[in-house]
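One structure is given below, encoded as structure tokens.
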Amino acid sequence: MPSPRLSLYSPSIPRERARHAPAVRGPTIMIRSRLSALLSEGLVAAQAAGAVGATPAVNFNLERRDDELAHYSSSEALRLARIVGAPPRRIAEAIVANLPAAPVVSRVETAGPGFINFWIDDAWVMGQLAEILEAGAAFGGSQEGAGSRVQVEYVSANPTGPLTAGAGRGGVIGDALARLLDACGYDVTREYYVNDAGHQVEILGLSVYHHYAATLGEAAPFPADGYRGDYVSDWAEQIARDDGARWLGHGVPSDARAFEARAVEIGLGEIRRDLDDLGIKFDVWFSEQAMRDRGAVDEVLQALDGQGFVAERDGAVWFIGGAGADDRENVLVRSRGDPTYFAVDIAYHRDKFETRGFERVIDVWGADHHGHVPRMHAAMEALDRSADAGRLEILVTQMVGIRTDGELGRQGKRSGKFVTLREVLDEVGPAATRYFFLSKAIDSQMEFDLDLAKREDPENPVYYIQMAHARCAGIQRTAATAGAAGGAATLTDDDVALARRLLAFPEVVADACENREPHRVTHYLLDLARVFHSYYNKHRVVTDDAARTARRLELIRAVQQVLANGLGLLGIRAPERM
RNA sequence: GCCCCCGUAGCUCAGUGGAUAGAGCGCCGGCCUCCGGAGCCGGGUGCGCGCGUUCGAAUCGCGCCGGGGGUACCA
Numbered sequence: 000m001p002s003p004r005l006s007l008y009s010p011s012i013p014r015e016r017a018r019h020a021p022a023v024r025g026p027t028i029m030i031r032s033r034l035s036a037l038l039s040e041g042l043v044a045a046q047a048a049g050a051v052g053a054t055p056a057v058n059f060n061l062e063r064r065d066d067e068l069a070h071y072s073s074s075e076a077l078r079l080a081r082i083v084g085a086p087p088r089r090i091a092e093a094i095v096a097n098l099p100a101a102p103v104v105s106r107v108e109t110a111g112p113g114f115i116n117f118w119i120d121d122a123w124v125m126g127q128l129a130e131i132l133e134a135g136a137a138f139g140g141s142q143e144g145a146g147s148r149v150q151v152e153y154v155s156a157n158p159t160g161p162l163t164a165g166a167g168r169g170g171v172i173g174d175a176l177a178r179l180l181d182a183c184g185y186d187v188t189r190e191y192y193v194n195d196a197g198h199q200v201e202i203l204g205l206s207v208y209h210h211y212a213a214t215l216g217e218a219a220p221f222p223a224d225g226y227r228g229d230y231v232s233d234w235a236e237q238i239a240r241d242d243g244a245r246w247l248g249h250g251v252p253s254d255a256r257a258f259e260a261r262a263v264e265i266g267l268g269e270i271r272r273d274l275d276d277l278g279i280k281f282d283v284w285f286s287e288q289a290m291r292d293r294g295a296v297d298e299v300l301q302a303l304d305g306q307g308f309v310a311e312r313d314g315a316v317w318f319i320g321g322a323g324a325d326d327r328e329n330v331l332v333r334s335r336g337d338p339t340y341f342a343v344d345i346a347y348h349r350d351k352f353e354t355r356g357f358e359r360v361i362d363v364w365g366a367d368h369h370g371h372v373p374r375m376h377a378a379m380e381a382l383d384r385s386a387d388a389g390r391l392e393i394l395v396t397q398m399v400g401i402r403t404d405g406e407l408g409r410q411g412k413r414s415g416k417f418v419t420l421r422e423v424l425d426e427v428g429p430a431a432t433r434y435f436f437l438s439k440a441i442d443s444q445m446e447f448d449l450d451l452a453k454r455e456d457p458e459n460p461v462y463y464i465q466m467a468h469a470r471c472a473g474i475q476r477t478a479a480t481a482g483a484a485g486g487a488a489t490l491t492d493d494d495v496a497l498a499r500r501l502l503a504f505p506e507v508v509a510d511a512c513e514n515r516e517p518h519r520v521t522h523y524l525l526d527l528a529r530v531f532h533s534y535y536n537k538h539r540v541v542t543d544d545a546a547r548t549a550r551r552l553e554l555i556r557a558v559q560q561v562l563a564n565g566l567g568l569l570g571i572r573a574p575e576r577m
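Final position of the first sequence in numbering that gives the first Met the number 0 is 577; the numbers increase by one with none missing.
Pasting the structure below:
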């Protein structure tokens with residue numbers, strides 16, 4: 000089988016990009032937004048009546064509780080107390096007294112030191128189920144992004160060896176973020192920066208060549224700091240098998256650049272296979288070599304120099320990031336004349352903003368790159384102050400520890416030994432791999448429990464959630480013959496509570512997107528699955544009561560839709576049966 | 001030394017400055033002739049320490065202690 004050919008994107012060539020259909024047609028149902036608007040109206044009315052003193056416009060905070068105290072609660076009156084100079088309790092009461100009526104609210108009251116507590120109307124909640132089903136796969140999304148062009152760059156591991164488990168975490172997070180941004184109305188480009196040039200690639204080429212020559216019976220030196228993994232000789236054997244002796248030179252490849260490209264091609268092929276199996280796709284594979292060939296690095300060096308951010312010292316060219324802070328001074332061009340990773344990365348990011356005009360760029364980096372963050376921001380600021388007014392976001396994912404049989408192994412190339420993504424994937428499969436990476440906040444170091452992740456039973460949260468979805472589908476298969484029935488249906492609090500849980504989904508998605516925290520979706524889904532399983536165990540959906548059966552089937556369809564949408568955001572399959 | 005991340009239940013981790021801090025796993029006990037199976041219910045211990053800001057701190061600030069990472073003319 001031929002190795003997969005990758006076409007590396009060169010930005011000077013126009014490229015067709017898939018335009019995604021808008022995620023949602025109408026305004027998204029978001030309970031807290033409605034309540035916030037009501038409260039603002041109530042405050043204005045209270046002020047007009049002279050019950051509350053003047054304030055600037057207030058954006059009322061709403062907390063979703065869904066407990067004995069309230070469905071939603073606002074503590075804004077406590078904060079207003081200082082501005083208005085009145086007791087919070089009295090402010091809250093004045094606002095509530097002036098609140099306009101709304102079908103979404105069944106009850107409002109003040110409580111404690113000045114909380115305003117809301118209860119959502121049961122009939123209104125059940126009425127929203129039709130809206131969920133109407134929105135279908137788009138439910139939960141929004142138009143918040145308004146088509147703004149955002150690039151998410153992730154993984155971008157050097158093609159000099161297999162992906163580590165840690166790279167998998169970054170990949171899954173970047174992919175989920177891209178899905179979230181897409182759902183929230185952004186125009187998303189997913190990009191992998193291919194480090195196919197420079198010193199590390201040279202060393203890779205020589206490392207592979209050493210084995211390649213040996214396979215063909217000739218000796219070639221192994222480079223200092225060469226790559227020592229078993230894969231190096233595997234790649235060499237593959238090249239010898241496919242290409243024969245055409246690369247043989249005298250101790251070095253006959254064409255070093257082309258041989259390096261050959262090795263990179265194999266490395267990238269393996270990386271892409273891993274990512275494919277994890278369900279991670281990219282719109283753009285950006286070639287560093289192509290960018291260098293266009294002279295982008297020289298251009299950016301000139302631009303920096305022209306603005307006085309460059310100084311020569313000890314034969315090297317340095318970036319002087321203003322104010323003379325030490326951590327803002329780094330080498331751009333080595334004394335031997337070649338640019339550093341830093342210089343090339345500045346050129347790359349300039350390309351993102353200036354050449355390709357992304358309004359926002361999100362980089363997902365591994366923890367080992369975090370020292371690079373401040374100087375990257377400094378460089379962007381130097382090039383164009385407006386370019387870094389929050390337009391470049393760098394998310395740093397923390398380390399991954401792999402736990403097997405209770406034993407913990409840490410990742411790290413320095414240790415020489417690390418668990419590959421492929422090993423994790425083969426062990427637990429893509430669904431569990433994605434789930435566990437997406438169940439922790441990105442800045443928290445995590446331990447991946449392989450023993451739990453590979454279980455295919457409900458003790459494993461990912462199967463528990465998928466099972467909830469399959470169960471919804473199963474109920475509908477059972478009820479396939481049941482026709483629609485009108486008439487009043489008697490429902491329970493559990494029906495309404497489950498439905499209300501569904502209406503929280505758009506709020507969770509919006510928060511996850513805004514905060515770049517996909518794990519919020521993961522936790523929501525686990526909670527929803529638990530509520531659903533509990534409901535299922537307690538209540539029968541399909542019964543002789545035709546009216547109630549119809550209502551409950553609608554509820555179950557909506558549950559299934561939300562589970563499917565949530566799993567979709569995480570890139571995890573939502574099976575019809577298990 | 002300096003910089004970054006983290007410290008919450010036995011373990012793995014959630015927790016927009018708000019009311020009584022949660023889930024999963026593990027452990028113990030009970031239920032389940034049920035649309036879909038491996039499902040459900042119950043049981044308990046915790047915010048590393050101190051000071052500060054605030055009406056209110058797991059959350060914000062400072063200082064310690066502990067863990068991890070970074071600190072190259074590597075990437």
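For every residue, glycine included, the Cβ atom is placed at its ideal position computed from N, Cα and C.
Residues bridged to residue i (per DSSP)
i, result
"M445", "V399"
"S385", "None, per the DSSP bridge assignment."
"H315", "For the sequence presented, residue 315 should be read as Ala rather than His. Paired residue(s): R312."
"N116", "S72 and E108"
"V187", "V149"
"E392", "I361"
"E328", "I319"
"P338", "V332"
When the options are compared against residue i, the one with the closest alpha-carbon
i, options, result
"V190", "D233, Y347, R335 and G113", "The residue you asked about is not Val; residue 190 is Glu in the sequence shown. Nearest of D233, Y347, R335 and G113 to E190, Cα basis: Y347."
"F138", "V299, E575 and F504", "F504"
"A315", "L331, D304 and Q301", "L331"
"A498", "C512, V520, V541 and R550", "R550"
"E125", "E513, L554 and L562", "The sequence shown places Met at residue 125, rather than the Glu named in the question. Among E513, L554 and L562, the Cα nearest to that of M125 belongs to L554."
"D275", "F436, V171, R293 and S35", "V171"
"L77", "G113, R476 and G49", "G113"
"W246", "H209, T419, Y230 and L277", "H209"
"H580", "N194, L203, F117 and I571", "Nothing in the structure corresponds to residue 580, since the chain is present only between 0 and 577."
"W364", "R349, A69 and M398", "M398"
"G250", "G216, A487 and A260", "G216"
"T214", "G225, I345, D233 and G197", "D233"
Same chain only: Cβ atoms within 6 Å of residue i, ignoring 5 sequence neighbours per side
i, result
"R33", "V103"
"R409", "Model confidence at R409 stands at a pLDDT of 48, short of 50, so the residue's coordinates are unreliable; what they give is reported in the following sentence. Correct list, in chain order: G400."
"G41", "I94, N97 and L98"
"P460", "L525"
"F357", "R148, Q150 and K351"
"R359", "V149 and R390"
"G144", "C183, G184 and Y185"
"P13", "Unreliable positioning characterises P13 in this predicted model, as indicated by a pLDDT of 29, which lies under 50. The coordinate reading is nonetheless provided below. Closer than 6 Å at the Cβ level, and outside the excluded window around P13, lies no residue."
"E108", "N116"
Residue range of the beta strand (DSSP E) that includes residue i
i, result
"E311", "V309 to R312"
"R106", "V104 to A110"
"V283", "V283 to S286"
"Q150", "R148 to E152"
"I361", "R359 to G365"
Close Cβ partners of residue i (< 8 Å) along its chain, the five nearest in sequence each way excluded
i, result
"C471", "F531, I555, R556, V558, Q559 and L562"
"L449", "I401, R402, T403, V423, E426 and V427"
"T521", "Y434, L437, S438 and L569"
"G204", "P252, A255, F258, E259 and A262"
Extent of the continuous alpha helix (DSSP H) to which residue i belongs
i, result
"D425", "L420 to F436"
"L527", "H518 to K537"
"E458", "Here E458 belongs to no alpha helix (DSSP H), and DSSP marks it neither H nor E."
"G305", "A295 to G305"
"L501", "D492 to L502"
"V541", "First-last for V541: undefined, no H or E at that position."
Nonlocal neighbours in the same chain, by C-beta distance under 7 Å from residue i, ignoring five residues either side
i, result
"F582", "Any question about residue 582 goes unanswered here, given that the chain covers just 0 to 577."
"D282", "R16, T188, R189 and E190"
"R576", "A469, A472 and G473"
"S39", "V57 and F59"
Item checked: Ordered list of alpha helix (DSSP H) runs contained in the stretch 193-272, each at least 4 residues -> Listed in chain order, they are 198-214 and 229-242.
Notebook entry, point to check: In the stretch 16-94, which residue ranges form an unbroken beta strand (DSSP E) of at least 3 residues, counting only runs that do not cross its ends?
Noted result: 71-73
Checklist line | Ranges of the beta strand (DSSP E) found wholly within the stretch 131-184, counting only runs of at least 3 | finding: You should have 148-152.
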